[in-house]
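Enquirer:
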Amino acid sequence: MSEARTIPFARPWVEEGDRQAVMAVLKGDVLTHGPQGKALEEEFAAFLGGGAHCVSTSSGMAALHLSYWQLGIGPGDEVLVAAQTHTATAHAVEVVGARPVFVDCDPATGNLTPEGLEAALTPRTRAIGLVHFLGVPCDMEGIMDLARRRDLRVIEDCALAVGSRFGGTHVGLYGDAGCFSFYPVKHLTTGDGGMFITHRAELAAQVHKARGFGVDRTFAERSVPGMYDVPTLGLNYRMSDINAALGRSQLRRVGEVLARRRRNFDHLSGLLAGLPGVSTLGARDERGSNSHYCLCAVLEGDLAGRRDRVIAGLNRRGVGTSIYYPHPVPRLKYYRQKYGYAQGAFPGAERISDQSISLPVGPHLGEEEVEYIGAVFAQVIREEQ
Ligand SMILES: Cc1ncc(COP(=O)(O)O)c(C=O)c1O
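Each residue of the sequence shown is one higher than the one before, counting from 41 in the working numbering.
1) Helix, strand or coil, according to DSSP, for H248 in the structure here?
2) Between A123 and ligand 1, is there a pair consisting of the residue's CB and a ligand heavy atom that are separated by less than 7 Å?
3) Are L200 and I183 touching if we call contact CB-CB under 8 Å?
4) How many Å lie between R357 and Y412 at the Cα?
5) Could you please give the first and the last residue of the uninterrupted alpha helix (DSSP H) stretch that includes M235?
6) Let me know the alpha helix (DSSP H) ranges lying completely inside the region 81-134, each 4 residues or longer, listed in chain order.
7) Going by DSSP, what residue range makes up the alpha helix (DSSP H) through G169?
8) Which value, in whole angstroms, describes the spacing of the CA atoms of F84 and G345?
9) Determine the burial state of G114: buried for a count of at least 16 other Cβ atoms within 10 Å of its Cβ, exposed for fewer.
10) Going by DSSP, what residue range makes up the alpha helix (DSSP H) through G466?
11) Using the rule of at least 16 other Cβ atoms within 10 Å of the residue's Cβ for burial, across every protein chain shown, is V194 buried or exposed?
12) Determine the direct distance from the alpha carbon of V211 to that of R376, and round the result to whole angstroms.
13) Kindly examine ligand 1 and report whether one of its heavy atoms sits closer than 7 Å to the Cβ of M279.
14) Would you decide whether E326 is buried or exposed? Buried here means 16 or more other CB atoms lie within 10 Å of its CB.
15) A245 to T229, Cα distance in whole Å?
16) From the DSSP output, read off the bridge partner residues of G328.
17) May I ask you to list the residues that DSSP assigns as paired with C334?
18) Consider the C-beta atom of A130 and the heavy atoms of ligand 1; say whether any pair is separated by less than 7 Å.
19) With DSSP run on the structure shown, which of helix, strand or coil describes D197?
20) Determine the direct distance from the alpha carbon of E56 to that of H172, and round the result to whole angstroms.
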């Protein structure tokens with residue numbers, strides 16, 4: 041193995057052009073409410089295709105909150121939510137006063153399945169809150185079929201899924217709403233930021249207003265400066281022009297980001313293939329294309345109980361790792377205390393949370409780094425067996 045090195049799990053890819061785009065905004069007088077946010081929305085819609093309407097937000101969580109709130113989901117309603125996801129997917133349901141009903145995932149992909157969802161339906165089910173886990177698209181044909189039959193709203197958490205398509209359509213455009221995150225380690229970053237997307241023009245207009253205090257006209261639409269009315273409630277979930285300028289500059293490299301992620305993912309998967317006691321999560325459905333957020337290696341059998349030692353061995357040799365996600369959401373303290381948790385109730389999600397290690401495949405890695413990660417991983421596994 042070549043000499044030791046330090047490879048972070050993720051690193052935001054920020055170039056001189058990104059810095060110049062941000063500085064150009066800072067040199068002007070308009071830091072928010074300006075043209076950058078709208079331009080990012082139009083450019084992101086063009087990237088997605090499929091008639092997407094986009095509303096930029098201050099975070100992915102903000103986009104999720106706006107989705108449930110503006111779709112009228114609230115107290116008395118149940119939402120079927122992925123047990124294996126970031127807590128934001130469930131918090132958005134909880135914060136509007138609805139009840140999340142957690143559903144386990146397919147162990148091969150980490151995604152919800154139409155069958156699992158169907159089994160969890162009750163007469164109070166109003167919506168499905170799914171996540172495209174680590175960028176692998178869910179079976180949107182099967183899930184939308186169920187949603188249509190039962191008149192359910194569908195909110196897609198696309199935080200890890202920029203560039204993921206199912207049957208040629210970008211994820212987020214099957215359901216009522218799709219929510220992206222531009223947090224620094226995601227495919228694109230605006231520092232903090234997000235995007236609400238939908239194929240429903242009237243819903244986009246409603247969310248646009250709710251994102252900005254419920255005010256009835258934008259700065260550009262006001263005939264008398266400072267004059268507006270407020271017909272509905274709203275929050276301030278705007279993205280500033282500073283953040284949006286960074287996002288626009290990043291979006292120009294999205295093709296390169298996705299290509300590097302695919303190359304690194306395929307290479308690392310090959311290096312890990314056949315290692316005893318190790319399996320990897322990934323796409324199993326040829327209708328979908330993966331955005332390759334990271335490579336999730338699951339330790340099986342005797343190795344499973346030694347996950348923390350394997351992580352320590354990797355980290356000691358400079359390989360950055362993470363865990364996506366450290367607990368099934370219903371096992372997190374807030375949910376456990378509120379709804380109770382029976383160990384073993386979500387075996388698919390528990391296996392990923394308790395036995396997996398997320399390995400880097402981001403655009404910051406070249407071929408040599410991937411070779412190094414593969415070699416170190418194999419060595420640590422051998423030492424632990
Ligand atoms: C699946 C998922 N959904 C939502 C979020 C929340 O996004 P944000 O940090 O932009 O609020 C995250 C993490 O950042 C995530 O991983």
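Just so you know, even glycine gets a beta-carbon here, dropped at the ideal spot from N, CA and C.
Expert: Quick look at the numbers:
1) In the structure shown, H248 falls within a helical segment according to DSSP collapsed to helix, strand and coil.
2) No, since every heavy atom of ligand 1 falls outside the 7 Å radius drawn around the Cβ of A123.
3) For L200 and I183, no; Cβs fall outside 8 Å.
4) If I take the Cα positions, the gap works out to 10 Å.
5) DSSP places M235 outside any alpha helix (DSSP H); the residue lies instead in the beta strand (DSSP E), whose first and last residues are G234 to T238.
6) DSSP runs (the alpha helix (DSSP H)) wholly in the region 81-134: 100-110.
7) Here G169 belongs to no alpha helix (DSSP H); instead the beta strand (DSSP E) covers T165 to V171.
8) For F84 and G345, the distance between alpha carbons rounds to 43 Å.
9) It counts as exposed.
10) Here the chain comprises residues numbered 41 to 425, so residue 466 is not present and cannot be evaluated.
11) Answer is buried; the Cβ neighbour count reaches 16.
12) The straight-line gap from Cα to Cα measures roughly 30 Å.
13) M279 has its Cβ no nearer than 7 Å to any heavy atom of ligand 1.
14) Counting Cβ neighbours within 10 Å, E326 comes out exposed, since fewer than 16 surround it.
15) The straight-line gap from Cα to Cα measures roughly 24 Å.
16) DSSP links G328 through a beta bridge to F206.
17) Looking at the DSSP output, C334 shares a beta bridge with no other residue.
18) Checking every heavy atom of ligand 1 against the Cβ of A130, none is found closer than 7 Å.
19) Three-state DSSP puts D197 in a strand.
20) Here the C-alpha atom of H172 lies approximately 32 Å from the C-alpha atom of E56.
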